[in-house]
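Working notes, structure below.
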Amino acid sequence: MNNAASAPPAIDSDRVAAAWRTIRADPSIQFNLPEKSLEPRDPPPGWLEPVLRAIGDFIEWVGGGWRLILWIIGIVIAVTLVFALFPGLRDWVRERFGRTATATAVDEPQWAPTETRARALLEDADALAAAGRFDEAVHLLLFRSIDDITAWRGDVVRPADTSRDIARADALPPAARGVFAGIVAAVERSLFGGRALGEGDWRQARADYAGFALRGAK
Numbered sequence: 008m009n010n011a012a013s014a015p016p017a018i019d020s021d022r023v024a025a026a027w028r029t030i031r032a033d034p035s036i037q038f039n040l041p042e043k044s045l046e047p048r049d050p051p052p053g054w055l056e057p058v059l060r061a062i063g064d065f066i067e068w069v070g071g072g073w074r075l076i077l078w079i080i081g082i083v084i085a086v087t088l089v090f091a092l093f094p095g096l097r098d099w100v101r102e103r104f105g106r107t108a109t110a111t112a113v114d115e116p117q118w119a120p121t122e123t124r125a126r127a128l129l130e131d132a133d134a135l136a137a138a139g140r141f142d143e144a145v146h147l148l149l150f151r152s153i154d155d156i157t158a159w160r161g162d163v164v165r166p167a168d169t170s171r172d173i174a175r176a177d178a179l180p181p182a183a184r185g186v187f188a189g190i191v192a193a194v195e196r197s198l199f200g201g202r203a204l205g206e207g208d209w210r211q212a213r214a215d216y217a218g219f220a221l222r223g224a225k
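Okay, so the sequence shown: first residue is 8 according to our numbering, each after it adds one.
Written as structure tokens, this is what we have:
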């Protein structure tokens with residue numbers, strides 16, 4: 008094989024330089040990136056600097072007290088979660104510490120059903136229980152009593168109140184709140200607990216109501 012025939016042709020440097028000058032002279036080809044001018048930023052508002060300074064002063068003043076503050080925040084969050092997850096505890100705390108000796112004025116009459124209405128209610132409820140309709144009998148005790156409270160004082164029962172709210176009303180005497188709490192719990196088990204009330208539930212609710220409503224009757 009002839010090595011001279013396979014050798015690459017010699018590069019003409021003049022032609023390369025001329026081609027490069029031609030390309031550089033072409034205005035349609037961009038070789039340099041345009042300079043982008045930075046837009047001036049608006050100065051921070053005048054109130055920001057004092058706020059930042061106050062925050063810095065507070066952090067410096069607290070110093071090592073951050074751990075105590077975090078503990079306090081954690082305890083507050085934990086207590087809030089406990090009250091949210093356990094409504095019964097919240098009700099107990101409200102019942103235990105929320106009342107004062109002056110919650111009810113001395114001259115304000117306390118609610119109690121009249122003996123006539125109480126006996127009529129028990130008679131109707133007994134008829135339902137005798138037919139084995141214990142759920143309806145306990146419901147009747149609750150709903151008829153709510154009607155009596157509304158007739159006594161309309162401001163005690165508000166449209167958005169639940170039975171549990173009414174049972175906790177400060178206007179009711181403590182004995183009535185205790186009786187209502189038991190009856191409300193039985194009704195809630197009946198409606199939402201997936202279990203029908205039995206004769207024992209009915210007898211307990213009846214005894215609680217009669218003991219309160221007829222405590223002064225002969």
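Heads up, the beta-carbon is just placed ideally off N, CA and C, and yes, glycines get one too.
Asked                                                                                  : Found
Per-residue DSSP class, three states only, for G72                                     : helix
Residues near R97 in its chain [Cβ-Cβ closer than 6 Å; skip 5 each side]               : F90
Exposed unless 16 or more other CB atoms sit within 10 angstroms - verdict on S152     : buried
Buried or exposed by the 16-neighbour rule on C-beta atoms within 10 Å, applied to D49 : exposed
Buried/exposed call for F199, threshold 16 Cβ in 10 Å                                  : exposed
Spatial distance of F65 from W73 (CA atoms)                                            : 11 Å
F141 burial status per 10 Å Cβ neighbour count (16 or more: buried)                    : buried
C-alpha gap between A108 and T123, whole angstroms                                     : Below a pLDDT of 50, predicted positions are generally treated as unreliable, and A108, at 40, falls in that range; the measurement from the model is reported next regardless. Computed Cα separation, rounded: 31 Å.
Through-space distance from A85 to I62, alpha-carbon basis                             : 27 Å
C-alpha distance - L179 paired with L148, whole-angstrom precision                     : 16 Å
Pick from I80, A137 and P120 that is closest to R155, judged by C-alpha positions      : A small fix is needed here, since residue 155 is Asp in this sequence, not Arg. Nearest option by C-alpha distance: P120.
CB of S170 within 9 Å of CB of E195, strictly                                          : yes
Proximity below 9 Å, CB of D215 to CB of G189                                          : yes
Nearest residue (CA-CA) to R222, options A183, R210, G207 and G205                     : A183
heavy atom of the ligand NAP below 8 Å from A61 C-beta                                 : Absent from the structure shown: the ligand NAP. Ligands present: none.
For R210, the nearest candidate out of D133, G201, R165 and A158 (CA to CA)            : D133
Pick from V23, P94, D208 and A26 that is closest to D172, judged by C-alpha positions  : P94
Every unbroken alpha helix (DSSP H) inside the stretch 122–207 [4 residues or more]    : 122–137, 141–159, 170–174 and 181–199
Cβ-Cβ distance between I125 and A217 below 9 Å                                         : It is Ala, not Ile, that sits at residue 125 in the sequence shown. Contact: yes.
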